[in-house]
Amino acid sequence: MTGLLKNKLAIITGGGRGIGRAIAERFAKEECNLALVSRTYSELKETADFIEEKFSVEVSIFEADISNEPEVLSLVNDVHNKFGELSILINNAGIIGPIGEVSKIDGKEFMNTLNINVGGTFLFTKAVVPYMKEQNKGFIINLSGGGGLKEFPYYDAYSASKSAIVRLTENFALELDKFNINVSAISPGPINTKMFYDQLNTTKDLLGEENLKTLLDQETSGGESPDNACELALFLVSQTNNLFNGRVISAIWDDWENISNNPSIKDDDFKMRRIVPKDTN
Numbered sequence: 000m001t002g003l004l005k006n007k008l009a010i011i012t013g014g015g016r017g018i019g020r021a022i023a024e025r026f027a028k029e030e031c032n033l034a035l036v037s038r039t040y041s042e043l044k045e046t047a048d049f050i051e052e053k054f055s056v057e058v059s060i061f062e063a064d065i066s067n068e069p070e071v072l073s074l075v076n077d078v079h080n081k082f083g084e085l086s087i088l089i090n091n092a093g094i095i096g097p098i099g100e101v102s103k104i105d106g107k108e109f110m111n112t113l114n115i116n117v118g119g120t121f122l123f124t125k126a127v128v129p130y131m132k133e134q135n136k137g138f139i140i141n142l143s144g145g146g147g148l149k150e151f152p153y154y155d156a157y158s159a160s161k162s163a164i165v166r167l168t169e170n171f172a173l174e175l176d177k178f179n180i181n182v183s184a185i186s187p188g189p190i191n192t193k194m195f196y197d198q199l200n201t202t203k204d205l206l207g208e209e210n211l212k213t214l215l216d217q218e219t220s221g222g223e224s225p226d227n228a229c230e231l232a233l234f235l236v237s238q239t240n241n242l243f244n245g246r247v248i249s250a251i252w253d254d255w256e257n258i259s260n261n262p263s264i265k266d267d268d269f270k271m272r273r274i275v276p277k278d279t280n
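Residue numbering for the sequence shown follows numbering that gives the first Met the number 0, beginning at 0 and increasing consecutively.
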């Protein structure tokens with residue numbers, strides 16, 4: 000262990016599996032204590048047991064509905080009371096929601112997707128900010144991708160939620176910069192998580208031909224490694240400046256390590272879209 004995050008505390012929603020778990024393990028390697036949140040207790044327990052056996056860190060787990068405000072506020076208060084400091088928030092939890100052409104989507108399922116994906120991001124951010132203000136520091140990373148920056152037909156609820164998360168990231172960054180709270184977003188790329196396989200199990204004619212082909216190609220290739228998103232998350236919470244504040248960065252397509260010293264990425268031209276290498280040459 001290198002101890003880059005020694006004695007820090009990260010809250011990770013959706014921390015029981017997939018990208019959330021991968022980030023949890025990577026942070027634990029850097030000696031970061033963890034508060035993992037999910038609606039599935041068994042996954043949280045298995046993840047926590049694995050991490051505590053492998054790394055010398057403390058892991059607390061919380062089974063919770065991230066769209067329930069009183070539950071979220073109480074949870075974050077409990078975490079603060081136990082650990083004393085809230086260093087990092089990773090808003091990772093989300094669902095894919097209904098898939099299909101707009102006239103065939105159930106309205107309640109659409110709104111439920113927004114409540115979980117956007118509402119969860121909003122509520123956890125709202126809950127941690129008072130504590131981060133007291134500390135005069137903090138890092139918040141939101142997970143975007145999946146239509147957050149471009150059209151994603153047949154995934155109306157999911158892509159709308161991810162676009163909203165990008166805009167919230169920009170808003171939060173401007174609101175909280177004076178408190179030394181850095182807010183950024185990660186687009187992790189096509190990773191073969193449970194959410195990916197849930198899409199493959201969807202009735203094929205709901206996906207659209209192009210989406211189906213993309214999914215099948217990804218299944219064949221094995222998808223991207225979550226390691227890229229983990230390293231980017233670690234990079235962002237290790238920054239000593241706010242160059243990436245309010246920005247969304249692709250873990251696999253953006254050369255984020257080499258563009259980090261170019262001040263032009265603060266320009267308004269880079270809002271609501273990724274920073275790509277050709278922009279900063």
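Virtual Cβ for every residue (Gly too), placed ideally from N, Cα, C.
Using only alpha-carbon positions, find the residue among the options that is nearest to residue i.
i	options	result
K53	I65, F61, F26 and P69	F26
G237	F82, E84, I139 and G15	Gly is not the amino acid found at residue 237; the sequence shown has Ser there. It is I139 whose Cα lies nearest to the Cα of S237.
L33	A63, N67, V71 and K81	K81
I65	A228, G119 and E42	G119
E295	E68, L35 and A172	Any answer about residue 295 is impossible in this case: the structure gives the chain only from 0 up to 280.
A250	A228, E174 and G83	A228
According to the neighbour-count rule (16 or more other Cβ atoms, all chains shown, within 10 Å of its Cβ), is residue i buried or exposed?
i	result
V117	buried
Y40	exposed
P187	buried
S55	exposed
N76	exposed
K107	exposed
T12	buried
K28	buried
Work out the CA separation of residue j and residue i for me, nearest whole Å.
i	j	result
L88	S59	14 Å
S102	S162	21 Å
L113	E169	18 Å
V158	I104	This sequence places Ser at residue 158; Val is not what is there. Going from the Cα of S158 to the Cα of I104 covers about 14 Å.
L3	L233	9 Å
F243	M110	31 Å
F61	G17	17 Å
E51	G15	14 Å
E45	I248	30 Å
G99	R20	29 Å
S137	F121	Ser is not the amino acid found at residue 137; the sequence shown has Gly there. So the alpha carbons of these two residues sit roughly 16 Å apart.
P152	G96	13 Å
A172	G245	5 Å
E290	F123	Nothing can be reported for residue 290: it is not among the residues displayed for the chain, which extend from 0 to 280.
Skipping 5 residues on each side, what residues in its chain have a beta carbon closer than 6 Å to that of residue i?
i	result
K7	C31 and S86
N241	N181
E133	none
L74	F61 and A63
For chain C, check one thing: does any of its Cβ atoms lie closer than 9 Å to the Cβ of residue i?
i	result
E70	Among the chains in the structure shown there is no chain C, since it carries only a single protein chain.
Excluding the 5 residues preceding and the 5 following residue i in the sequence, name in chain order all residues of the same chain whose CB lies nearer than 7 Å to its CB.
i	result
H79	L85 and Y130
D268	At D268, the pLDDT of 46 sits below 50, so the modelled position is not reliable and the matter cannot be decided from this model.
I94	T112, I115 and N116
W255	L231, F234 and I248
Among residues of its own chain, excluding the 5 on either side of residue i, which ones have a beta-carbon nearer than 8 Å to its beta-carbon?
i	result
N135	F178 and N179
I164	N90, N116, V117, T120, N141, L142, S143, G147 and A184
Is it the case that the region 126 to 143 contacts the region 180 to 189, given that we only count it when at least three CB pairs across the two stretches are under 8 Å?
yes
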